[in-house]
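For any residue, its number in the numbering used here is found by taking its place in the sequence shown, counting from 1, and adding 65.
Using N, Cα and C, we set each Cβ at its ideal position, and we do this for glycine too.
Working notes for the structure below.
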Amino acid sequence: MRLRGRKGILESLEAQPELVVLDAAPHKGRWREFFGNDNPIYIELGMGKGRFISDMSVRNPHINFIGVDMYDELIRRASDKARLAWEEQGVKQPPNLALLRANIEGIEDMFAPGELQRIHLNFSDPWPKAKHARRRLTHPRFVAKYIEILNENGEIHFKTDSQSLFEFSLNSFADMELHMRNISLHLHKEQLRDDLVLTEYEAKFVEKGNNIHRVEVVIGEKAIAAHKAAKLAAQKNDQAEATNNETSEPIAAPIATSEG
């Protein structure tokens with residue numbers, strides 16, 4: 066991808082150390098010090114222009130967010146978007162957001178084991194050619210890295226408009242024996258899911274009527290336990306409803322017979 070940026074873009078990013086991080090290495094294992102609290106940390110890998118990560122930070126002020134991308138121009142655009150989103154809330158400086166310039170290939174060098182609680186993958190490059198499969202962000206070699214840096218409540222939330230990438234991803238997660246929930250082949254089929262934050266691409270795709278695929282992958286031990294408990298509770302609820310329906314059916318009255 067080639068992006069034409071403004072002159073002096075690097076200087077602009079360097080002037081925003083409270084928001085923009087150009088070198089993740091010093092923060093590995095110390096991201097909570099950057100934010101100044103112990104709140105959970107969610108990241109978006111490949112944040113693009115930053116709409117999703119900015120809106121997520123505004124909607125969830127008690128969660129820390131990190132948007133990751135490798136292009137200076139996208140970091141700049143995301144910083145403008147983030148500041149605007151928070152200024153609309155009457156806040157000058159985004160308090161729970163960092164924008165990290167980095168190549169996702171080295172994610173294990175950016176975060177310590179168990180440092181993150183959630184990873185968002187939104188409309189990642191599908192790399193459609195088979196020979197490029199290892200570059201897909203849901204390839205097992207990447208997922209193994211995610212598992213390492215996610216904590217006991219860790220999850221991966223994945224959205225894409227590419228059916229082939231979604232199928233590849235589901236198979237990838239299944240082959241690694243990971244738990245999946247809320248699998249959707251057409252996320253906004255009934256109506257726009259305004260409970261979920263949209264990306265720039267997603268808003269355009271939805272307007273065109275394109276299918277959006279989504280899945281949540283449960284990684285951490287506590288997250289898995291909660292997922293299993295929820296499934297069990299749902300099963301018991303379904304069984305109880307089925308039993309109630311059976312017992313509430315009217316019993317047919319016996320047919321009278323005459324003795325002759």
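Residue i to residue j span [Cα, whole Å]
i, j, result
"residue 320", "residue 299", "For residue 320, the predicted structure reports a pLDDT of 49, less than 50, and the residue's modelled location is therefore unreliable. A value from the coordinates is still provided. Roughly 40 angstroms separates the two Cα atoms."
"residue 232", "residue 155", "43 angstroms"
"residue 206", "residue 235", "15 angstroms"
"residue 253", "residue 95", "38 angstroms"
"residue 330", "residue 118", "Because the chain in this structure spans residues 66 to 325, residue 330 falls outside the shown range and cannot be described."
"residue 82", "residue 239", "40 angstroms"
"residue 182", "residue 218", "6 angstroms"
"residue 304", "residue 294", "15 angstroms"
"residue 203", "residue 72", "35 angstroms"
"residue 101", "residue 178", "19 angstroms"
"residue 201", "residue 146", "27 angstroms"
"residue 144", "residue 297", "43 angstroms"
"residue 264", "residue 226", "12 angstroms"
"residue 77", "residue 158", "16 angstroms"
"residue 122", "residue 162", "6 angstroms"
"residue 266", "residue 115", "11 angstroms"
"residue 172", "residue 195", "23 angstroms"
"residue 189", "residue 274", "19 angstroms"
"residue 243", "residue 237", "9 angstroms"
"residue 152", "residue 292", "37 angstroms"
Beta-carbon separation (whole angstroms), residue i vs residue j, contact threshold 8 angstroms
i, j, result
"residue 214", "residue 284", "Not confirmed; about 10 angstroms, so no contact."
"residue 110", "residue 140", "No, residue 110 and residue 140 are not in contact; Cβ-Cβ is about 14 angstroms, not under 8 angstroms."
"residue 241", "residue 280", "Contact doesn't hold; Cβ gap of about 13 angstroms is too wide."
"residue 134", "residue 113", "7 angstroms"
"residue 251", "residue 276", "5 angstroms"
"residue 223", "residue 271", "Contact flag wrong, Cβ pair sits at about 17 angstroms."
"residue 106", "residue 180", "7 angstroms"
"residue 131", "residue 108", "4 angstroms"
"residue 84", "residue 166", "About 12 angstroms separates the two Cβ atoms, so there is no contact after all."
"residue 93", "residue 176", "6 angstroms"
"residue 120", "residue 262", "5 angstroms"
"residue 169", "residue 211", "10 angstroms between Cβ atoms; not a contact."
Burial state of residue i, where buried means 16 or more other Cβ atoms lie within 10 Å
i, result
"residue 24", "Outside the displayed range of the chain (66 to 325) lies residue 24, so it cannot be described from this structure."
"residue 229", "exposed"
"residue 191", "buried"
"residue 129", "buried"
"residue 193", "exposed"
"residue 91", "exposed"
"residue 310", "exposed"
"residue 174", "exposed"
"residue 124", "exposed"
"residue 278", "buried"
"residue 89", "buried"
"residue 248", "exposed"
"residue 209", "exposed"
"residue 127", "exposed"
"residue 142", "buried"
"residue 150", "buried"
Beta-ladder partner(s) of residue i, from DSSP
i, result
"residue 225", "278"
"residue 128", "Partner(s): none; residue 128 has no beta bridge."
"residue 134", "166"
"residue 246", "281"
"residue 86", "165"
"residue 252", "In DSSP, residue 252 forms no bridge with anything."
"residue 107", "130, 183"
heavy atom of the ligand ZN below 6 angstroms from residue i C-beta
i, result
"residue 125", "In the structure on display, the ligand ZN does not appear, and there are no ligands present to speak of."
(request) Write down every uninterrupted run of the beta strand (DSSP E) in the segment 141-224 whose length is 3 residues or greater and which is fully enclosed by it, in chain order. (result) If only complete runs of 3 or more residues are kept, the segment 141-224 shows the beta strand (DSSP E) at 162-166, 181-187, in order along the chain.
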